[in-house]
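Everything on this sheet refers to the single structure shown next.
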Amino acid sequence: MKKHKLRIGGVPEHFNLPWHLAIENQLFDKENIEVEWITFKGGTGQMTKALRNNEVDVCILLTEGIVADIINGNPSKIISKYLTTPLIWGVYAGANSKINYYGEIYKEKYAISRFGSGSHLMPIVDANSKGHTLKTEQFEIVKNLDGALNSLTKNETNAFYWEKYTTKPYVDNGTLKHLGEYITPWPCFMLAATDKIIAEQNETLKKMLDVIHFTAKQFMHSTTAIQDVSKRYNQKIEDVEQWFYSTEWCTNDIVSKKMLMNVVHTLNYANIIDKKVSVEDLCHKV
Numbered sequence: 003m004k005k006h007k008l009r010i011g012g013v014p015e016h017f018n019l020p021w022h023l024a025i026e027n028q029l030f031d032k033e034n035i036e037v038e039w040i041t042f043k044g045g046t047g048q049m050t051k052a053l054r055n056n057e058v059d060v061c062i063l064l065t066e067g068i069v070a071d072i073i074n075g076n077p078s079k080i081i082s083k084y085l086t087t088p089l090i091w092g093v094y095a096g097a098n099s100k101i102n103y104y105g106e107i108y109k110e111k112y113a114i115s116r117f118g119s120g121s122h123l124m125p126i127v128d129a130n131s132k133g134h135t136l137k138t139e140q141f142e143i144v145k146n147l148d149g150a151l152n153s154l155t156k157n158e159t160n161a162f163y164w165e166k167y168t169t170k171p172y173v174d175n176g177t178l179k180h181l182g183e184y185i186t187p188w189p190c191f192m193l194a195a196t197d198k199i200i201a202e203q204n205e206t207l208k209k210m211l212d213v214i215h216f217t218a219k220q221f222m223h224s225t226t227a228i229q230d231v232s233k234r235y236n237q238k239i240e241d242v243e244q245w246f247y248s249t250e251w252c253t254n255d256i257v258s259k260k261m262l263m264n265v266v267h268t269l270n271y272a273n274i275i276d277k278k279v280s281v282e283d284l285c286h287k288v
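This is the structure in structure tokens:
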């Protein structure tokens, strides 16, 4: 029997370990699905572009990024939550930066992976919530975490938002200066699929969700999960422990309409999008 192929995109971070475990344990194969995993170091901005260009079928990306891009014309839909918990963004400057505390960053230059990425959208939402407005010229595209580290070290940029636990090793080794944290006011990751793959392989997507929801549930109850993450992602046990117990993966395909209304309202209020849409236009139940 010919297998149904799905191209899945995600960042190279510990949140996505359940996907790799499902692939390694051949759980998708048992459902007659061939999964091609594609790593996107450039984050959500790179993935929304890949969805638009039909270079990938499904992505695990930041809620605010995919909502904004669907509203701006991305031919894709949210098909499930991936995490039910918010993301803790660390706010950073280079170790030798003149910036020493959180409140100094709002007039500085920000390193971002791409326009439309979480590293771009979150500073705007954060600044807006504190009465500040960031200008387009304050953002410098650095493509990925490595680009940001280089830019911040050279003081070409002075502020940077990235997932707290992924960046902590660079604080520990003296590359970054930790200024503070910002917690997203909604669940941080969604699964989105292109309209094309929804039309062509809706049943395959349903089976895919069943597999990843099952694997996520198993992972959350695994006695070796913390050690596995520490080893695979080169992070300290105590950091992984703190992250693991504060993170919850989704085990069903329910997406809260009220939550999406909050995202749309916040993005509109922060002038990231210029119109509000019905939340039904953002989702598809497979």
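Heads up, the sequence shown is in this note's numbering, so the first residue is 3 and it goes up one at a time.
Ideal Cβ placement from N, Cα and C applies to all residues, glycine included.
Because the structure is a prediction, the values reported are computed rather than measured.
Cβ-based neighbour list, residue i, same chain, cut-off 6 Å, excluding 5 preceding and 5 following
i: Trp245; result: Tyr167
i: Asn204; result: Val288
Beta-bridge pairing of residue i - partner residues as DSSP gives them
i: Gly75; result: Gly75 is not bridged to any residue.
i: Ile80; result: Ala194 and Cys285
i: Phe162; result: Tyr94 and Ala113
i: Thr217; result: Answer by DSSP bridge pairing: none, since Thr217 is not bridged.
i: Lys7; result: Glu36
i: Leu64; result: Phe191
Exposure label - residue i; buried when at least 16 CB within 10 Å
i: Tyr103; result: exposed
i: Ser248; result: exposed
i: Pro14; result: exposed
i: Phe117; result: exposed
i: Ala201; result: exposed
i: Asp283; result: exposed
i: Tyr94; result: buried
i: Tyr271; result: exposed
i: Thr65; result: buried
Endpoints, alpha helix (DSSP H) assigned at residue i
i: Tyr167; result: Lys166 to Asp174
i: Gly47; result: Thr46 to Arg54
Contacting residues, own chain, Cβ-Cβ under 7 Å from residue i (five flanking each side not counted)
i: Ile214; result: Pro20, Trp21 and Ala24
i: Ala195; result: Asp59, Val60, Ser78, Lys79, Ile81 and Leu207
Segment limits, beta strand (DSSP E) that includes residue i
i: Val266; result: First-last for Val266: Lys259 to Tyr271, but that is the alpha helix (DSSP H), not the beta strand (DSSP E).
i: His100; result: Per the sequence shown, the amino acid found at residue 100 is Lys instead of His. Where Lys100 is concerned, there is no enclosing beta strand (DSSP E), given that its DSSP letter is neither H nor E.
i: Tyr184; result: Leu178 to Ile185
Contacts around residue i, its chain only, beta-carbon distance under 8 Å, and the 5 residues preceding and following it disregarded
i: Thr87; result: Pro189, Cys190, Ser248, Thr249 and Glu250
i: Leu85; result: Phe17, Pro189, Cys190, Phe191, Thr249, Glu250, Trp251 and Cys252
i: Ser99; result: Leu154, Asn157, Asn160 and Lys179
Sequence ranges, alpha helix (DSSP H) only - wholly within the stretch 123-155, length at least 4: Listed in chain order, the complete alpha helix (DSSP H) runs (minimum 4 residues) inside the stretch 123-155 are 147-155.
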